[in-house]
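Residue numbers (full-length UniProt numbering): 1 to 340.
To start, the structure itself, in structure tokens.
Here you go:
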């Protein structure tokens, strides 16, 4: 893995290195005179060194990130019992629409038995899937979650080892137009449910020292959305939940075989975003559910914890809060224009 990473990160300097150190006869095809070659070497050599250094630093940083999000363990397998997908049970909240359906599809394709939690009816695809079992559940209610958790254990014959907190809702309303009912629903689905589901399924994971809890957050964890600050606040809270949960699993419960991952997608084409998709697409292209489900499934099947920012080129968003205030304000002011 490390060698592959080095090769990948150093690829951009390959052509420069070839031109710099290739035989003169070959280089003459690109450079017509010796003076041009000398000038070229003087200019390119320091650039080449910088690029090589950056490539090595990027590879080293990626390796450290992978170790850190895996509780500083090199192995991706739980210390007690390796992953055996046909014998694993997963829970996916919000599994009847958008990203949830794609995640259920990918998990069941590997033989995983999936409990699909939602308040809407399952699509025909899930009804005909023998590895997917639907449970109608209001995840904003701790009592409903507890009852459903018991039903999952009875129906699927064991404790879930994978929990995907995927359910989420969003509405476009400025603060003074948000009703209390709407606010409580957004906070309940996007944030409170994280506690309710995790409290039900984490104890068995700790006991087995094996599990994976995936939290689907948003880029709004880093960059709040104007006219949707209730949603943004819950996604910032989801990030804090994930980080705190990771630390507790490692230090309080001493269960390093239980992994955690968090996902920060940009705008995705789903039923949730459909009402304001036209407004979003004026400024950017929206992601598809497959753009999210593929890397999330890969993360699950890798057996490793991690943080996914999708698309990858927007990873800079995680650093915005470290910028000077004036730069942060310019960024937020720019985002406002896409929603007003």
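Where a beta carbon is used, it is the ideal one built from N, C-alpha and C, also for glycine.
Proximity to residue i [Cα-Cα], best of the options
i	options	result
residue 223	147, 173, 235, 179	235
residue 83	208, 63, 154	208
residue 314	266, 215, 301, 193	266
residue 108	67, 118, 162	162
residue 334	226, 111, 182, 135	226
residue 292	205, 218, 67	218
residue 68	57, 250, 179, 182	250
residue 136	126, 122, 187	122
residue 128	104, 181, 179, 280	104
residue 114	149, 81, 304, 141	149
residue 66	181, 328, 299	299
residue 141	196, 268, 177	196
Residue burial classification, residue i (beta-carbon count within 10 angstroms, cutoff 16)
i	result
residue 184	exposed
residue 320	exposed
residue 283	exposed
residue 316	exposed
residue 155	exposed
residue 252	exposed
residue 330	exposed
residue 198	buried
residue 324	exposed
residue 55	buried
residue 74	exposed
residue 179	exposed
residue 59	buried
residue 244	exposed
Inter-residue spacing [alpha-carbon to alpha-carbon] between residue i and residue j
i	j	result
residue 106	residue 47	44 Å
residue 91	residue 53	43 Å
residue 3	residue 139	Residue confidence for residue 3 is low, a pLDDT of 46 falling below 50, so the modelled location carries little weight and cannot support an answer.
residue 175	residue 159	41 Å
residue 326	residue 70	35 Å
residue 1	residue 63	Note that residue 1 scores a pLDDT of 44, beneath 50, so its modelled location is shaky; the value from the coordinates is reported in the next line. Spanning the two alpha carbons is a distance of roughly 9 Å.
residue 336	residue 230	15 Å
residue 85	residue 110	6 Å
residue 221	residue 263	10 Å
residue 279	residue 285	11 Å
residue 72	residue 294	25 Å
residue 130	residue 189	27 Å
residue 118	residue 125	15 Å
residue 153	residue 182	32 Å
residue 306	residue 233	22 Å
C-beta contact flag for residue i and residue j at 8 Å
i	j	result
residue 93	residue 151	no
residue 290	residue 102	yes
residue 202	residue 241	no
residue 296	residue 308	yes
residue 322	residue 258	no
residue 260	residue 246	yes
residue 120	residue 216	no
residue 214	residue 165	yes
residue 97	residue 271	yes
residue 238	residue 310	no
residue 228	residue 170	yes
residue 342	residue 255	Examination of residue 342 is not possible in this model, given that the chain is present from 1 through 340 alone.
residue 187	residue 276	no
residue 95	residue 116	yes
Which residues DSSP lists as bridging residue i, in chain order
i	result
residue 118	136
residue 261	214, 306
residue 336	DSSP output for residue 336 lists no bridge partner at all.
residue 113	89
residue 245	Looking at the DSSP assignment, residue 245 forms no beta bridge with any residue, so it has no partner.
Chain C contact for residue i (CB, 8 Å cutoff)
i	result
residue 88	In the displayed structure, chain C is absent; only one protein chain is listed.
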